[in-house]
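Its first residue numbered 30, the sequence shown is counted upward by one per residue in my numbering.
To start, the structure under review is shown below, and the notes come after it.
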Amino acid sequence: MYTPPRFFRCHLTLTGPGRLCILPFVSEPAEPVVSLAGIEKEYGGEKVLRGVSLELAAGELTALVGRSGSGKSTLLHVIGGLDQGYRGRARVLGVDLASLDDRGRARFRNAQVGFVFQAFHLLEHLSCAENVALPSYFEGSTATGDGAPRDPLVRAAEALDRVGIADHARRLPGQLSGGQKQRVAIARALFHRPPLLLADEPTGNLDSETGQKIIALFQALNGDGLTLLIVTHEERVSQATRRVIRLDDGRIVAEAGASA
Ligand SMILES: Nc1ncnc2c1ncn2[C@@H]1O[C@H](COP(=O)(O)OP(=O)(O)OP(=O)(O)O)[C@@H](O)[C@H]1O
Ligand SMILES: [Mg+2]
């Protein structure tokens with residue numbers, strides 16, 4: 030079972046005349062990466078999410094499962110700031126999503142959250158490196174987190190290297206296999222090195238062996254500290270995660286392997 034990190038600190042106190050004592054104490058655990066409370070969502074009067082509350086700690090690898098229509102993609106969209114028409118509180122990476130306007134939400138999505146979908150959504154006329162660098166066109170600057178401007182294509186090459194296909198940077202998506210296309214899509218999602226990756230049926234278009242390699246890639250990224258929430262129908266994906274959350278008719282009905 031995964032236990033979120035706690036940071037040990039000490040404080041000094043006087044326990045008597047002239048006596049100084051060092052007392053250790055454990056600080057509060059870090060704020061969850063995702064914290065949802067009572068999320069409700071409806072489409073045209075039909076309730077799709079019925080009071081979903083959940084927390085994901087930093088470094089968790091979690092599967093979200095459930096039958097078709099149970100609300101998995103809808104919940105992912107709420108967490109990723111793609112949807113705003115819901116009730117309840119969604120706090121992600123320390124940001125209350127309801128406090129963001131359209132522009133703030135777009136910035137949040139671009140910089141803080143990576144998205145991976147079943148269909149790879151690559152632009153066919155751009156090379157793999159150019160597809161991966163696409164998020165840089167929405168950031169308004171080429172500055173990285175440390176303030177140093179760098180060529181987006183160099184950063185894209187680094188992201189492609191991270192997912193194991195650096196040598197395909199100049200190819201067009203039409204020259205790649207399905208598994209390689211998904212790796213490019215994952216590299217694009219990682220372009221800004223977001224702390225949170227949301228994936229919706231990422232192995233749905235892949236054969237079993239290729240899908241297995243993508244799952245192994247997610248596990249490796251998680252090993253590097255990335256927090257992942259993966260929507261899946263596939264048992265082998267959920268078996269590879271430490272935690273599984275089951276949604277049915279807009280409610281969490283079962284959970285296994287929670288960290289808290
Ligand atoms: N934009 C929309 N307008 C109206 N209804 C919607 C919309 N998006 C989703 N729904 C409805 O919300 C419910 C949940 O949809 P959602 O896509 O979240 O399910 P899901 O669990 O991801 O299913 P699947 O496994 O098939 O992808 C479904 O009944 C769906 O018809
Ligand atoms: Mg879905």
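Positions of the beta carbon are idealized from the N, C-alpha and C atoms, including for glycine.
For clarity, every value in this text was computed on a predicted model and none was experimentally measured.
### Query
How about Asp328 and Phe146: are their beta carbons less than 7 Å apart?
A query on residue 328 cannot be resolved here, the shown segment of the chain reaching from 30 to 289 and no further.
### Query
What residues come near ligand 2, if near means a beta carbon less than 7 Å from any of its heavy atoms?
Lys101, Ser102, Asp229, Glu230, Val260
### Strand pairing of Gly283, partner residues [DSSP]
The amino acid occupying residue 283 in the given sequence is Ala; Gly does not appear at that position. Paired residues: Arg275.
### Task
Could you have a look at Ile68 and say whether DSSP puts it in helix, strand or coil?
strand
### Task
Report the rounded CA-to-CA distance for Gly88 versus Tyr115, giving the unit in angstroms.
27 Å
#### Entry: Where the beta strand (DSSP E) through Asp229 begins and ends
225-229
### Per-residue DSSP class, three states only, for Tyr166
helix
### Query
For Val63 versus Val121, is the C-beta spacing smaller than 7 Å?
yes
### Message
At a threshold of 6 Å, does Ser97 count as lining ligand 1 (C-beta to nearest heavy atom)?
### Response
yes
### Task
Report whether the distance from the Cβ of Tyr72 to the nearest heavy atom of ligand 1 is below 6 Å.
yes
### Query
Thinking C-beta only, is Arg271 closer than 7 Å to Leu90?
yes
### Task
Kindly indicate which residue of Arg136, Leu129, Val81, Gly193 has the alpha-carbon position closest to the one of Leu250.
Gly193
### Query
Just to confirm, are His221 and Pro164 a CB contact at a threshold of 7 Å?
yes
### Message
I'd like to know whether the C-beta atoms of Ala186 and Cys157 end up nearer to each other than 7 Å.
### Response
no
### Message
Taking contact to mean 3 or more Cβ pairs, one atom from each stretch, closer than 8 Å, check whether the stretch 269-284 and the stretch 68-79 are in contact.
### Response
yes
### Task
Sort Gly117, Val94, Gln113 by Cα distance to Leu129 and report the nearest one.
Gln113
### Task
Please confirm whether Lys101 and Phe149 have their CB atoms less than 7 Å apart.
no
### Query
Comparing the CB of Val77 with every heavy atom of ligand 1, is any distance shorter than 6 Å?
yes
### Query
DSSP puts Ile259 in a beta bridge; with which residues?
Ala92, Ala228
### Query
Would Ala285 pass as a contact of Val266 if the rule is Cβ separation under 7 Å?
no
### N- and C-terminal bounds of the beta strand (DSSP E) containing Ser82
75-85
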